[in-house]
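Undergrad: Heads up: the sequence shown runs through residues 9 to 259, numbered per my numbering.
From the three backbone atoms N, C-alpha and C, an ideal C-beta is built for every residue, glycine too.
Starting off with a structure, shown below.
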Amino acid sequence: MIQSTMRRNPMAVRLEQDVSVISQSFETASPEEVIRWAARTFGDGLVMTSSFGADSAVLLHLATREMPRIRVIFIDTGFLFPETHTYAEQLRRLLDLNIWYYRTRNDPFAYLESAGEEDFRHRRDVARCCAANKNEPMERAMRDLAPAAWLRGIRRAQSESRRNRQFVEWSARYSCYAISPLLNWSDTDIEEYLRKNDLPRHPLAAFGYRSIGCSPLTCTRPVEGDEDPRSGRWAGSSKTECGLHLEDYQI
């Protein structure tokens, strides 16, 4: 495998403070304050990503109140749930989103055949599928848009693998700053924000899907009770991340 490389970012911004200092100052800040700082610091060089999953409406609502025309990167792997596409269109209309669609270069059925995958509902090699159909489009988006910074919706409460993430991190992989305004929010905070702002839920949330990725059963299943919200992703394997938020990911 070849480690991905990104070109030098012409919109790169030099911060006045170290990212660790900035991150520490955000530990007691609201998401609105983090987003306001990002918008003021990076201007049109700020983009965001959205999976249009179970919690996605929250960050989309927060970000577009501060920057109505912020570019929203949506990665279409070719294997998303139909309900995810429906939800994305619902939120696009509701929030007047400026969505930039980046799709896999692979025809879904041609990919399954070339990868030796015999069942559309399952994946033998989930890492290969994530690399080809999710990470490649993401890296292409970041090369094309060359942002100075990127808003993302990861939270420490989502999984053990995200417990030590910081509010602001430098991504050498994407040559930009990665900013996580919701990092300290709990599941209860998310639910209260959705309710308070009367935001629609992903259609699959009503069926126990608390983290929603691609449609194969290998990739996404409902969770029960007090299970980790992301325990329904890649169940039965050691995989915990699709790779978009990993610095040492290889495609």
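1) Per DSSP, what kind of secondary structure is T36 in: helix, strand or coil?
2) Compute the beta-carbon to beta-carbon distance between A47 and E74, rounded to the nearest angstrom, for a pair I have assumed lies under 8 Å.
3) Please confirm whether I81 and A71 have their CB atoms less than 8 Å apart.
4) Anyone know if the C-beta pair for T112 and D84 falls short of 8 Å?
5) DSSP state of R136, grouped into three classes?
6) Give me the Cα-Cα distance between D104 and L120, rounded to the nearest whole angstrom.
7) What is the residue span of the alpha helix (DSSP H) that F117 lies within?
8) Identify whether T7 lies in helix, strand or coil by the three-state DSSP scheme.
9) For the candidate residues K204, P224, E232, T226, whose alpha-carbon lies nearest to that of A213?
10) For Y261, which residues from the same chain have a beta carbon less than 6 Å from its beta carbon, with the 5 sequence-adjacent residues on both sides left out?
11) Looking at the secondary structure, which residues open and close the beta strand (DSSP E) in which A157 lies?
12) How should R15 be labelled, buried or exposed, when 16 other C-beta atoms within 10 angstroms of its C-beta is the threshold for buried?
13) Starting from Y95, trace the alpha helix (DSSP H) in both directions and tell me its first and last residue.
14) Can you tell me which of the three DSSP states A186 falls into?
15) Determine whether the beta carbon atoms of C138 and A157 lie at a separation below 8 Å.
16) Since E177 is in the beta strand (DSSP E), which residue starts that stretch and which ends it?
17) What residues match up with Y109 in a beta bridge as DSSP calls it?
18) If you follow the beta strand (DSSP E) that M75 is part of, which residue opens it and which one closes it?
19) Got a sec: is the Cβ-Cβ distance from S31 to anything in chain C below 8 Å?
20) Please identify the residue among V55, P211, F128, F34 whose C-alpha is closest to the C-alpha of A96.
21) Going by the CB atoms, is the gap between P224 and R129 shorter than 8 Å?
TA: Reading it off the structure:
1) The residue you call residue 36 lines up with position 28 of the sequence shown. Here T36 sits in helix by DSSP.
2) Along the sequence shown, one-based indexing puts residue 47 at 39. Along the sequence shown, one-based indexing puts residue 74 at 66. About 5 Å separates the two Cβ atoms, so the contact holds.
3) As a working mapping, residue 81 is identified with position 73 in the sequence shown. As a working mapping, residue 71 is identified with position 63 in the sequence shown. Taking 8 Å as the Cβ cut-off, I81 and A71 do not qualify as a contacting pair.
4) On the sequence shown, position 104 is the one that residue 112 refers to. On the sequence shown, position 76 is the one that residue 84 refers to. With a cutoff of 8 Å on beta-carbon distance, T112 and D84 are scored as near each other.
5) For the purposes of this step, residue 136 is identified with residue 128 of the sequence shown, where counting begins at 1. Helix at R136.
6) The residue labelled residue 104 in the question sits at position 96 within the sequence shown. The residue labelled residue 120 in the question sits at position 112 within the sequence shown. Straight-line measurement puts the Cα of L120 at about 35 Å from the Cα of D104.
7) Position 109 of the sequence shown, counted from the first residue, corresponds to residue 117. Per DSSP, F117 belongs to the alpha helix (DSSP H) from 116-122.
8) A question about residue 7 goes unanswered here, because the residues of the chain that appear run from 9 up to 259.
9) Position 205 of the sequence shown, counted from the start, is the residue given in the question as residue 213. It is E232.
10) This structure leaves residue 261 out entirely; the chain is present only between 9 and 259.
11) Counting from 1 along the sequence shown, the entry for residue 157 is found at position 149. Secondary structure note for A157: its beta strand (DSSP E) is the uninterrupted segment 157-159.
12) Along the sequence shown, read from residue 1 onward, the residue named residue 15 stands at position 7. Reliability of the predicted coordinates at R15 is poor, the pLDDT of 47 falling under 50, and no value is obtained from them.
13) Taking the first residue of the sequence shown as position 1, residue 95 is located at position 87. Element bounds for Y95: 90-103.
14) Position 178 of the sequence shown, counted from the first residue, corresponds to residue 186. Three-state DSSP puts A186 in a strand.
15) In the sequence shown, counting from the first residue as 1, residue 138 sits at position 130. In the sequence shown, counting from the first residue as 1, residue 157 sits at position 149. No; because the gap between Cβ atoms is not below 8 Å, this pair is not in contact.
16) Start at 1 with the first residue of the sequence shown, and residue 177 comes out as number 169. Here the beta strand (DSSP E) through E177 covers 176-179.
17) If you number the sequence shown from 1, residue 109 lands on position 101. Y109 pairs with F82.
18) Within the sequence shown, the letter at position 67 stands for residue 75. First-last for M75: undefined, no H or E at that position.
19) Judged by its chain identifiers, the structure shown contains no chain C, having just a single protein chain.
20) Residue numbering aside, residue 96 sits at position 88 when the sequence shown is read from its first letter. Here the closest residue by C-alpha is P211.
21) By 1-based counting over the sequence shown, the position of residue 129 is 121. By 1-based counting over the sequence shown, the position of residue 224 is 216. In this structure, R129 places its C-beta atom within 8 Å of the C-beta atom of P224.
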